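> Protein chains in written order, with the numbering used here: chain R, 46 to 331; chain S, -12 to 337; chain Y, 24 to 286.
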Amino acid sequence: MAVTGMTRTNGLKKALPLLLPAYGWLTLAIFLPLSAMVYFSLLTTMSSTTPSLTLANYAAFFSDPLYAVLLLRSVKLALLVMMICVVIGFPAAYVLAKIFKGRAREAIFLIVILPFWSNSLVRVFSWSMVLREGGILDVVLNAILPFKVSVDLMYSYPAVVIGLVHSYLPYMVLTCYLSLQAIDDALIDAARSLGASRTTILRRVIAPLALPGVLAGSALIFIPVIGSFMEPRILGGRGGTLYGTVIEDQFTAVYNWPLGAALSFILLAVVLAILLAAAPVLRKAA
Amino acid sequence: MMKKTTAILVGLGLLLTATTAMAKDLHVLNWKGYGTDEPFATKAFEAMTGDKVVNDFFNSEQEMLTKLRTNPGLYDVVMINAAFMQQALEEKLVQPIDIKTIENYKDIDAAKATSTMLNVDGKTYGVPWTWGLTTIAINEKAFDTPPTSIKEMWNPDHKGRVTIRDDAVEAIQLGALATGQNINDIKDIDAVKTSLAALLPNIRTFWSSENDWNQMVASNQIDLGTYWSGSAGRAKTKFKLPVALAIPKEGAVGWLDTFAIPQGAKNVEGAERFIDYMLSPDFYTKWDETVGAPVSANARAVAALPADSFNRKVMGAPAVADRIQFQEPITDAQREDYLKLWQSLKVGTN
Amino acid sequence: MIRASAFLPGLGRFYIGLVLAFLYLPLVIMAAMSFNASPFYQLPFESTTHWYVALANDDGLIAATFNSLKIAILTTAIATVLGTAASLGLFRYEFTGKRLLQALIVPPIAIPWLISGTAMLIFFFGTGIGRGLHAILLGHVALALPYVIIVVSARLQTFSRDLEDAAASLGASAWQTTWKVTLPLIAPGVIAGGLFAFAVSFDQFVVSYFLATPGQTTLPVEIYAAIRKGFTPEINAVSTIIIVFSMSLMLVVSRFFRFGGDH
Chain R
46 MAVTGMTRTN GLKKALPLLL PAYGWLTLAI FLPLSAMVYF SLLTTMSSTT
96 PSLTLANYAA FFSDPLYAVL LLRSVKLALL VMMICVVIGF PAAYVLAKIF
146 KGRAREAIFL IVILPFWSNS LVRVFSWSMV LREGGILDVV LNAILPFKVS
196 VDLMYSYPAV VIGLVHSYLP YMVLTCYLSL QAIDDALIDA ARSLGASRTT
246 ILRRVIAPLA LPGVLAGSAL IFIPVIGSFM EPRILGGRGG TLYGTVIEDQ
296 FTAVYNWPLG AALSFILLAV VLAILLAAAP VLRKAA
Chain S
-12 MMKKTTAILV GLGLLLTATT AMAKDLHVLN WKGYGTDEPF ATKAFEAMTG
38 DKVVNDFFNS EQEMLTKLRT NPGLYDVVMI NAAFMQQALE EKLVQPIDIK
88 TIENYKDIDA AKATSTMLNV DGKTYGVPWT WGLTTIAINE KAFDTPPTSI
138 KEMWNPDHKG RVTIRDDAVE AIQLGALATG QNINDIKDID AVKTSLAALL
188 PNIRTFWSSE NDWNQMVASN QIDLGTYWSG SAGRAKTKFK LPVALAIPKE
238 GAVGWLDTFA IPQGAKNVEG AERFIDYMLS PDFYTKWDET VGAPVSANAR
288 AVAALPADSF NRKVMGAPAV ADRIQFQEPI TDAQREDYLK LWQSLKVGTN
Chain Y
24 MIRASAFLPG LGRFYIGLVL AFLYLPLVIM AAMSFNASPF YQLPFESTTH
74 WYVALANDDG LIAATFNSLK IAILTTAIAT VLGTAASLGL FRYEFTGKRL
124 LQALIVPPIA IPWLISGTAM LIFFFGTGIG RGLHAILLGH VALALPYVII
174 VVSARLQTFS RDLEDAAASL GASAWQTTWK VTLPLIAPGV IAGGLFAFAV
224 SFDQFVVSYF LATPGQTTLP VEIYAAIRKG FTPEINAVST IIIVFSMSLM
274 LVVSRFFRFG GDH
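(1) So what does L16 of chain S bridge to, in DSSP terms?
(2) Please list, in chain order, the residues of the stretch 59 to 85 of chain Y that have any C-beta partner in chain S closer than 8 Å.
(3) Taking the alpha-carbon positions, what's the T255 of chain Y to V131 of chain R distance?
(4) Tell me which residue opens and which closes the alpha helix (DSSP H) that N201 of chain S is part of.
(5) Considering only DSSP beta bridges, list what Q82 of chain S is partnered with.
(6) Distance, Cα to Cα, G0 of chain S vs W18 of chain S?
(7) So with Cβ pairs under 7 Å, would you call A248 of chain Y a contact of chain S?
(8) Whether or not the stretch 67 to 76 of chain S and the stretch 107 to 114 of chain S are in contact is what I'm after, with contact meaning three or more pairs of Cβ atoms, one per stretch, closer than 8 Å; do they touch?
(9) Taking the C-alpha atoms as reference points, what is the distance between V164 of chain Y and P96 of chain R?
(10) Report the start-end ranges of each beta strand (DSSP E) in the stretch 118 to 159 of chain S that is 3 residues or longer and not cut off at the edges.
(11) For R299 of chain S, collect the residues of the same chain with a Cβ closer than 8 Å to its Cβ; drop the 5 residues on either side in sequence, then sort them by chain order.
(12) Spatial neighbours of R148 of chain S within its chain, please: C-beta separation below 8 Å, excluding the five flanking residues on both sides.
(13) What residue does the beta strand (DSSP E) around L97 of chain Y start on, and which one ends it?
(14) What residue range does the beta strand (DSSP E) around Q312 of chain S cover?
(15) Since I believe S231 of chain Y is in contact with P159 of chain Y (beta carbons under 8 Å), could you give me their beta-carbon distance rounded to a whole number of angstroms?
(16) So, with DSSP's three-state summary, where would you put N59 of chain Y?
(17) Once the 5 residues before and after I101 of chain Y are set aside, which same chain residues still bring their CB inside 6 Å of it?
(18) For A60 of chain R versus Y247 of chain Y, is the C-beta spacing smaller than 7 Å?
(19) Would you kindly work out how many angstroms separate the C-alpha atoms of L328 of chain S and N301 of chain R, rounded to a whole number?
(20) Between the Cα of V315 of chain R and those of R:A231, R:Q295, R:T297 and R:G272, spot the shortest distance and give me the residue it belongs to.
(21) Does W202 of chain Y pass the burial test, meaning 16 or more other C-beta atoms within 10 Å, or should it be called exposed?
(22) Please list the partners that Q49 of chain S has in chain C, where partner means a Cβ-to-Cβ separation under 8 Å.
(23) Can you list, in chain order, the residues of its chain with a C-beta nearer than 6 Å to that of G284 of chain R? Leave out the 5 residues immediately preceding and following it.
(24) Please state the DSSP three-state secondary structure of N259 of chain Y.
(25) Using the Cα positions of Q160 of chain S and V205 of chain R, report the straight-line distance between them to the nearest angstrom.
(26) Determine the direct distance from the alpha carbon of M140 of chain S to that of L186 of chain S, and round the result to whole angstroms.
(27) Sort out for me which residues DSSP pairs V230 of chain S with in a bridge.
(28) Strictly below 7 Å CB to CB, what residues from chain S border V291 of chain R?
(29) Using C-beta distances below 7 Å, list every residue in its chain close to I128 of chain Y, excluding the 5 sequence neighbours before and after it, in chain order.
(30) Based on the DSSP output, what are the partners of N285 of chain S in its beta bridges?
(31) When Cβ atoms are compared, which residues of the stretch 113 to 129 of chain R fall closer than 9 Å to chain S?
(32) Of all Cβ atoms in chain R, is any one closer than 7 Å to the Cβ of K333 of chain S?
(33) Mind listing, in chain order, the continuous beta strand (DSSP E) runs of no fewer than 3 residues lying wholly within the stretch 174 to 199 of chain S?
(34) Between which two residues does the alpha helix (DSSP H) holding Y216 of chain R run?
(35) Beta-carbon of S57 of chain Y versus every beta-carbon of chain R: anything under 7 Å?
(36) Between which residues of its own chain and A101 of chain R is the CB-CB distance below 8 Å, once the five residues before and five after are set aside?
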């Protein structure tokens, strides 16, 4: 690409005024505080007045299978939630972007994202009304179906998945919509007039152009779900122990910030490693 | 290193709060919905002294300690479970209380008032306020006659209809009671582990708030579970739920809640008057009758309750008193071990 | 695919209906329970406006709600502007360390909020920033920024750099290019980023919980504290009012303001 007015050489100097406010803010409110946490993660204990530095908290992760088992469980949950969100969210975004037109589209688009302006705790409690034995789902299904079923999904893994998908689905619809809506309809018409089949259009024209949106949505879902602890605790019952809840325990049940911080940074490292490993594969796909 | 950092932090914090504090406000730190924030009480106290009560809340004892650490000078009164007082003292988060200023102090049950958890080197750091039990409560719809043994929770008839709190210490102490051990000196931890592992299949879910418990009873999802005595009282009195407390023959865990004055409090005089008011029979009888409360540490306040009230009749009975094992402080290391054990049990990696 | 069959659009509308039903099911229940007498969501349904009356008299909850709105609106404004600027910086220029800056967006999302909250509390306390609404705003903007940057960057990837280059070669200044060419085309992304920022702030309870002081608190903090002892349907009532209010606001906005970005 020709280097013209918007030159990309000597980029940092020009980029700096644009980047500085945001990254300055992040430094003050996130990076510096987290640096303090890195320091805590290297302490032997919080309560003694003379703690010493150690890597024992990081070693703890490897010495007991508990943490690795839970981290794997959390990663699997995050992948599952993410995939369900892609499967449900992408078609919804497609319909919104390509079938609805004008004001109706904008109105429905807003209505889709409105639920995540409500309080997540209230939403989770409402789900318990739906999923429990004798709850809404149970009653409705029994009213429709000719045979008797007993639906009690509360305090189970499916309940956690449902609650999380509900919380994060709007992220996927939103980001997919943004990239699908940017695709010029003329491009699709052109492909069709050249004799491309529907699947070819989807595969060769729409998918590559929609990919940034799908990826952004996936990242915005995958990353926070790994560390989630509220939905699993409330909806998961006995099986609701995950990596996030174990980290939470270090801060609320015991005064073991060093271990809690170390577990968090291991989580961060794993997330970054997964994103890094996925990057080349995805670039190839694109 | 930490000490120095803490000193700097505290210094900065004092500077900051000194400029923002308002005279005659009384900042109280407690669980939400636990007496100090009852509208009738804050109104009465304000009318009596002119001090405006400002409540702040915590959701776990660790959070309470963190709030004290990072807000020196903000709070005037803090509610601390006696078992956590030692930690607050070690970190110099609380100051000695001049008990002469608290009129109702003389009526506090002597064993509780002189507890070594609250008194160090002849100075009093905690004023006993209420006490209660962590024991089992039942859904009255599920029982014709209340169970007498804690083992009822292990009964396969209640499969998927039992709840316990998601708290490592409480769970381990429950296991200790069920295996006939002293909760403060558990000798056979493997027996506790086996016992809890056997209980897990009966568990529907873990509760973490009163609201969880009450909702599960209201929708008839549980038969029985561990609960706090004051909370069971509130469920019955305030919310009219079919909840009854059972004190099993194996015993129950007793806890003692106390008031302390944080280091650097700016309204110490107000704090003393507030603690005194919280101990008064006036406040207590109204609290227990209209809302539901644990047992007051003030014997005169309990005596002012109607003769048939639960807190006077059942909790005051000698047969019950014999069965109570009061919680003693737990070291950080012990707490961490318990947590680890509890997490492993829940995940099933043990 | 679009006009090939009349059947597909109908199916598409039905599908959107299903998705909306799934998304709104808990909200409808939340609203219904705000009119139910039982504080424990018990059935049968017994109609009452008791919780709305209680809410009207609950000064603390109302004040917290307005604090939440104030902070969410300020967060949205600040995070959208700063985040869009940063996205443009990352999109336009090549420089060493760019990958690192992009990776730095991950920690605020990946680190559980509990840890970020504790870290902020200690750091703000140690540096004299202290707790209170200003600290909450500081934290919320930082948590919302990565969302804005990710969403706006995704939109920018569908945007051709040639357009900016063309504008520049025609003599437009960098500002003119940004205002006249780039921003209009990525507007849907910027607006979506703002919606994210609002949601992140308005629903944020962990970080706020650590940074709130008595009297300077937000709605989720009040709700979080309330669930310990008696989670009253008052909470449902205030949530219902907020949803109904924002839905009306959004529908009005969508009537007068085209942001879907038809091109």
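The C-beta atom is built at its ideal place from N, Cα and C for all residues, glycine as well. Computed from a prediction, not measured in an experiment: that's the story for all the values here.
Once the coordinates are examined:
(1) By one-based count along the second sequence, residue 16 of chain S stands at place 29. L16 of chain S pairs with S:D43 and S:V65.
(2) Taking 8 Å as the upper bound on Cβ-Cβ separation, chain S lies near residues S61, P62, F63, Y64 and Q65 of the stretch 59 to 85 of chain Y.
(3) Indexing the third sequence from 1 puts residue 255 of chain Y at position 232. Indexing the first sequence from 1 puts residue 131 of chain R at position 86. Rounded to the nearest angstrom, the two C-alpha atoms are 35 Å apart.
(4) Translated into positions along the second sequence, residue 201 of chain S becomes position 214. Note, N201 of chain S: alpha helix (DSSP H), E197 to A205.
(5) Taking the first residue of the second sequence as 1, we reach residue 82 of chain S at position 95. DSSP output for Q82 of chain S lists S:I248 as bridge partner(s).
(6) Start at 1 with the first residue of the second sequence, and residue 0 of chain S comes out as number 13. Start at 1 with the first residue of the second sequence, and residue 18 of chain S comes out as number 31. Here the model assigns G0 of chain S a pLDDT of 47, short of 50, so the residue's position is not dependable and the matter cannot be decided.
(7) Taking the third sequence and counting its residues from 1, the one referred to as residue 248 of chain Y is at position 225. Yes - at least one Cβ of chain S is within 7 Å of the one on A248 of chain Y.
(8) yes
(9) In the third sequence, counting from the first residue as 1, residue 164 of chain Y sits at position 141. In the first sequence, counting from the first residue as 1, residue 96 of chain R sits at position 51. So the alpha carbons of these two residues sit roughly 34 Å apart.
(10) Positions of the beta strand (DSSP E) runs, each at least 3 residues long and wholly inside the stretch 118 to 159 of chain S, are given as 149 to 152 in order along the chain.
(11) Residue numbering aside, residue 299 of chain S sits at position 312 when the second sequence is read from its first letter. Closer than 8 Å at the Cβ level, and outside the excluded window around R299 of chain S, lie V289, A290, L292 and P293.
(12) By one-based count along the second sequence, residue 148 of chain S stands at place 161. Here the set comprises A129, N189, R191, Q208, I209, D210 and L211.
(13) Mapped onto the third sequence, residue 97 of chain Y falls at position 74. Counting along the chain, L97 of chain Y falls outside any beta strand (DSSP E), though it belongs to the alpha helix (DSSP H) covering D82 to R115.
(14) In the second sequence, the residue the question calls residue 312 of chain S occupies position 325. Looking at the DSSP string, the run of the beta strand (DSSP E) that includes Q312 of chain S is I311 to F313.
(15) As a first step, residue 159 of chain Y must be located in the third sequence, where it is residue number 136. As a first step, residue 231 of chain Y must be located in the third sequence, where it is residue number 208. The identity of residue 159 of chain Y in the sequence shown is Ile, whereas the question assumes Pro. 5 Å between Cβ atoms; contact.
(16) To locate residue 59 of chain Y, count along the third sequence from 1; it is residue 36. Strand at N59 of chain Y.
(17) Along the third sequence, one-based indexing puts residue 101 of chain Y at 78. Excluding residues within five positions, the ones whose Cβ falls inside 6 Å are V164.
(18) For the purposes of this step, residue 60 of chain R is identified with residue 15 of the first sequence, where counting begins at 1. For the purposes of this step, residue 247 of chain Y is identified with residue 224 of the third sequence, where counting begins at 1. Not a contact, by the Cβ cut-off of 7 Å.
(19) For the purposes of this step, residue 328 of chain S is taken as the residue at position 341 of the second sequence. For the purposes of this step, residue 301 of chain R is taken as the residue at position 256 of the first sequence. Cα to Cα, the separation comes out at about 15 Å.
(20) Your numbering for residue 315 of chain R matches position 270 in the first sequence. The candidate whose alpha carbon is nearest that of V315 of chain R is R:G272.
(21) Your numbering for residue 202 of chain Y matches position 179 in the third sequence. Exposed is the call here.
(22) As a matter of chain content, chain C is missing from the structure shown, whose protein chains are R, S and Y.
(23) Your numbering for residue 284 of chain R matches position 239 in the first sequence. Contacts found: Y202.
(24) For the purposes of this step, residue 259 of chain Y is taken as residue 236 along the third sequence, with counting starting at 1. Looking at N259 of chain Y - three-state DSSP - the assignment turns out to be helix.
(25) As a first step, residue 160 of chain S must be located in the second sequence, where it is residue number 173. As a first step, residue 205 of chain R must be located in the first sequence, where it is residue number 160. Their Cα atoms are separated by approximately 29 Å.
(26) As a position in the second sequence, residue 186 of chain S is number 199, starting the count at 1. As a position in the second sequence, residue 140 of chain S is number 153, starting the count at 1. C-alpha separation (whole angstroms): 7 Å.
(27) Sequence index remark: in the second sequence, residue 230 of chain S carries index 243 (1-based). Bridge partners of V230 of chain S: S:N126.
(28) Mapped onto the first sequence, residue 291 of chain R falls at position 246. Simply Q330.
(29) Taking the first residue of the third sequence as position 1, residue 128 of chain Y is located at position 105. P169, I172 and I173.
(30) Translated into the one-based positions of the second sequence, residue 285 of chain S becomes position 298. In DSSP, N285 of chain S forms a bridge with S:I95.
(31) Cβ contacts with chain S come from V114, L115 and R118.
(32) Here residue 333 of chain S refers to the residue found at position 346 when the second sequence is read from its first residue. Yes, because at least one Cβ of chain R sits closer than 7 Å to the Cβ of K333 of chain S.
(33) 190 to 194
(34) Position 171 of the first sequence, counted from the first residue, corresponds to residue 216 of chain R. Residues Y202 to Q226.
(35) Translated into positions along the third sequence, residue 57 of chain Y becomes position 34. It does not; no Cβ of chain R falls within 7 Å.
(36) Residue numbering aside, residue 101 of chain R sits at position 56 when the first sequence is read from its first letter. T89, listed in sequence order.
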